[in-house]
Amino acid sequence: KHKILHRLLQNSTS
Amino acid sequence: YPYCPYPPSLLHIEELCDSIVRSHRDTSQFRLEELQALRWKLFSREEIHAYQSKSVDEMWQHCAVRLTEAVQYVVEFAKRIPGFRGLGQNDQITLLKTGSMEVVLVRMSRCFNTENSTVFFDGKFGSTELFKSLGCGDLMVAVFDFAHSMCALRLTEQQMALFCSLVLINPDRPCLEDRGRVHRMRRDLEVCLSHMLHRDNQESLQHKLYQKVSVLQSLCSLHVEKLHWFSQRYPLTVHSVFPPLYKELFT
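Protein chains in written order, with the numbering used here: chain A, 1052 to 1065; chain B, 14 to 264.
And the structure:
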């Protein structure tokens, strides 16, 4: 559940 | 973040304002000057006809992709709001699930030309007729009306940035684990907005902006209702070709 959101949130901001 | 004294100092307010404005600017999908320059680049009759000739599921898929792109910029915006990344992952997801579409709708007013009621979509400006094949004319009219009413407020980019952060950092969302922390963030953002509106001598905007919040919520429910209608008719399209992020957020 919410795999993509988790990933987007974990990526550091560029 | 949670140990900030209340009321926050003027320095803290100004730093927070600057940070939100910078985050908004750095995560805007389109720059205002860019949109201004393209303001009269309209779709031709043939191009409009091509959109109108798409099947319902083709057009839904197309719009779902565009909407998902816009949402990704909102996720980046959220991550740069001071304190957001200090929230638990569950609360970050809760705020985005309920608020990202609302922020997309607020941001959309930047892409709207009130003189001819057109919106920037796929590189050009088009009116509601462009979206006819979606089969949800009432939603499109409501979204365009909302864009009109937002434009009428003539917000500066700074005011827009603050308003977007307030829409997202909402302690009233259901299922938050650390509501207190979201509440403290929200309280400081509200102080920022008041400070900014006072500085701009536009205090009357505050009430008008808070009124927009309930309109946003009803637009989002209408979107979910339409998606439900669509997914009952085209379950395979939603399941197999809609962007995974769109499904995570809205289904």
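Yeah, the Cβ is synthetic: ideal placement off N, Cα and C, and Gly gets one too.
With 16 or more other Cβ atoms inside 10 Å of its own Cβ, B:Arg197 counts as buried.
In terms of CA proximity to B:Trp242, B:Leu147 leads the group B:His25, B:Val119, B:Leu147, B:Leu23.
In this structure B:Leu206 is in contact with B:Leu179, their Cβ atoms being roughly 6 Å apart against a cut-off of 8 Å. Assigned with DSSP and collapsed to three states, B:Asn129 falls in coil, not helix or strand. Annotated as distal: B:Phe138 and B:Ala160, with beta-carbon spacing of 8 Å or more. Note that the C-beta distance between B:Leu45 and B:Glu170 is below 8 Å. Residue range 137-139 is occupied by the beta strand (DSSP E) that includes B:Gly139.
In the structure shown, B:Phe255 adopts coil according to DSSP, grouped into three states.
Under the three-state reduction of DSSP, B:Leu55 is assigned to strand. At a cut-off of 8 Å between beta-carbon atoms, B:Pro257 makes contact with chain A.
The beta strand (DSSP E) runs of length 3 or more contained entirely in the stretch 221-246 of chain B do not exist; there are none. Only residues of its own chain outside the window of five on either side were considered, and among them Leu29, Asp201, Val204 have a CB closer than 8 Å to the CB of B:Pro21, listed in chain order.
B:Val88 belongs to the set of residues whose beta carbon lies under 8 Å from a beta carbon in chain A. Taking the Cβ atoms as the reference, B:Leu152 lies roughly 5 Å from B:Lys239, within the contact range of under 8 Å. In the three-state scheme derived from DSSP, where H, G and I count as helix and E and B as strand, B:Phe43 is classed as coil. The beta carbon of B:Ile106 falls within 8 Å of a beta carbon belonging to chain A, placing the residue at that interface.
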